[in-house]
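All remarks here apply to the structure that follows.
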Amino acid sequence: MAKQYWLMKTEEDVFSFDDLINCPDHTDSWDGIRNYQARNFMRDEFSLGDKVFIYHSNTKDIGIYGVAEVVKEAYPDHTALDPKAKYFDAKSAEKGVSRWMMVDVKATHRMTKPILLSDLKTMPELDGLALLQRGQRLSIQKVSSEHWKIIYQLGKAKKI
DNA sequence: GCCAACGTTGGC
DNA sequence: GCCAACGTTGGC
């Protein structure tokens, strides 16, 4: 499949872009996704080498902080089976099989300055970007290659 | 803290 | 399968 571009949300105080950088090889599993649409994106459409904007929600400076790359395609999110895990899923545990999936991502570039949501909102050329659509709450979203280029350049992304 | 949007649950 | 109630997300 051709390379695709994505945006994934995270809460800064739960798992920030810096937390990802600090993982061994800047790589970690993106677990805890408990929404079917988001899971299906990972399961059906995430391919090795796909690029991902990492976005911090629910924080003071809401926006995009860096870029990551898919380094392992979808596999079962076993944290759903762990009663002590934050995103434990009783229904999965009942069956002994996780219905949720995760991918591994590696941080590759950091934005020189975070690209704030408030800035993105002022750019007419980003019309149609899922993130800017009203009422959207999906934690994994598609980004078109055109929008990706615009945002990527805006952030003056630097290699890690 | 508020609240709109929207996903999930569960009774029928 | 419908849909009301409830829970969560996430910007403000």
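For the first sequence, position 93 (counting from the first letter as 1) is numbered 1338 according to the numbering used here, and the numbering increases by one without interruption.
A virtual CB, placed ideally from N, CA and C, is assigned to each residue, including glycine.
Alpha carbon to alpha carbon, how far is residue j from residue i? Give it in angstroms, no decimals.
i	j	result
G1277	Y1397	26 Å
P1328	V1342	13 Å
A1335	A1325	8 Å
Q1282	L1252	14 Å
P1395	Y1320	At residue 1395 the sequence reads Ile, which differs from the Pro that was named. Rounded to the nearest angstrom, the two C-alpha atoms are 31 Å apart.
D1322	F1286	14 Å
D1270	Q1386	25 Å
R1344	S1337	6 Å
Y1332	K1254	16 Å
P1369	Q1381	18 Å
A1375	A1247	20 Å
How about residue i and residue j: do their beta carbons lie closer than 8 Å?
i	j	result
L1377	L1371	yes
Y1310	F1260	no
K1403	H1354	yes
V1312	F1298	yes
R1284	M1346	yes
L1265	G1308	no
V1388	Y1250	yes
Compare the Cα-Cα distances from residue i to each of the options and report the closest residue.
i	options	result
D1295	N1280, S1390, S1337	S1390
T1357	S1363, L1399, K1394, T1367	L1399
W1393	G1380, L1365, Q1381	L1365
T1304	K1401, I1405, S1363	S1363
Pull up the CB-CB distance for residue i and residue j, whole angstroms please, since I reckon it's below 8 Å.
i	j	result
D1306	P1359	6 Å
E1339	S1302	Incorrect: roughly 31 Å between the Cβ atoms, too far for contact.
Problem - Touch test, the segment 1273-1291 against the segment 1335-1355, Cβ-Cβ under 8 Å, three pairs minimum - result: The count of Cβ pairs closer than 8 Å, one atom from the segment 1273-1291 and one from the segment 1335-1355, reaches three, so the stretches are in contact.
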